[in-house]
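Student:
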Amino acid sequence: MDEQLMQRLMTNLKCRRCSSHYRSCDIKVLGQREKMWLLNVHCPQCQKEVLLAVSLKPLAARKPVTDLNPNEVRHHTQLPPVSPDEVLDLHLFLRSFNGDFSSTFTGDPPA
Ligand SMILES: [Zn+2]
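Residues in the sequence shown are numbered from 39 upward in steps of one, following the numbering used here.
#1: Just grab the DSSP bridge partners of L76 for me.
#2: Give me the Cβ distance between M74 and A91, rounded to the nearest whole Å; I'm assuming they're in contact under 8 Å.
#3: When the Cα atoms are used, what is the spatial distance from Q113 to K95?
#4: Quick one: Cα of Q42 to Cα of S134, how far?
#5: For the structure I just gave you, are there three or more beta carbon pairs, one from the segment 64-83 and one from the segment 43-54, closer than 8 Å?
#6: Throw me the rounded Cβ distance for the N107 and L89 pair, which I believe falls under 8 Å.
#7: Where do the N-terminal and C-terminal ends of the alpha helix (DSSP H) with V120 fall, by residue?
#8: Q45: buried (16+ other C-beta within 10 angstroms of its C-beta) or exposed?
#9: CB of C63 to nearest heavy atom of ligand 1: below 7 Å?
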């Protein structure tokens, strides 16, 4: 990662004193060693200056969030991919869908 990218990332931060966003030009890289960065950040609004030590590490592999049980997950992972025709069918269905899920899933006629 280069200094400009680090400065752009840090513009997502807000000043703890006044909640103003930092601009790239308010962030000076004082040093970097491996994945540790030392930054001087100056708030353009309230003029507060802080030193930040920023450590970057890759995101850990995340498990998908699901309420399916293991058997359901196994079942769904073995299904074939959704086809373009299925997507088109769903699109056509939703175009005329009136929002009545009860009738759709029970087969009852709409009230
Ligand atoms: Zn500030």
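Every residue gets a Cβ at the ideal spot worked out from N, C-alpha and C, and that includes glycine. All of these numbers come straight from a predicted model, not from anything done at the bench.
Tutor: From the atom records:
#1: Sequence index remark: in the sequence shown, residue 76 carries index 38 (1-based). In the DSSP output, where bridge partners are listed per residue, L76 has G69, A91.
#2: Position 36 of the sequence shown, counting from 1, holds the residue named residue 74. Position 53 of the sequence shown, counting from 1, holds the residue named residue 91. Yes, they are in contact, since the Cβ atoms of M74 and A91 sit about 6 Å apart, within 8 Å.
#3: Counting from 1 along the sequence shown, the entry for residue 113 is found at position 75. Counting from 1 along the sequence shown, the entry for residue 95 is found at position 57. Here the sequence assigns His to residue 113, which means Gln is not the residue at that position. Their backbone Cα atoms lie some 35 Å apart in a straight line.
#4: Within the sequence shown, numbered from 1, the residue matching residue 42 stands at position 4. Within the sequence shown, numbered from 1, the residue matching residue 134 stands at position 96. Computed Cα separation, rounded: 50 Å.
#5: Remark: three or more beta-carbon pairs, one from each stretch, lie closer than 8 Å, so the segment 64-83 and the segment 43-54 are flagged as touching.
#6: For the purposes of this step, residue 107 is taken as residue 69 along the sequence shown, with counting starting at 1. For the purposes of this step, residue 89 is taken as residue 51 along the sequence shown, with counting starting at 1. Contact between N107 and L89 does not hold, since their C-beta atoms are separated by about 49 Å, which reaches or exceeds 8 Å.
#7: For this step, residue 120 is matched to residue 82 along the sequence shown. Looking at the DSSP string, V120 is not in any alpha helix (DSSP H), and its letter there is neither H nor E.
#8: Along the sequence shown, one-based indexing puts residue 45 at 7. With at least 16 other beta carbons inside 10 angstroms of its own, Q45 counts as buried.
#9: Here residue 63 refers to the residue found at position 25 of the sequence shown. Result no, Cβ not under 7 Å from ligand 1.
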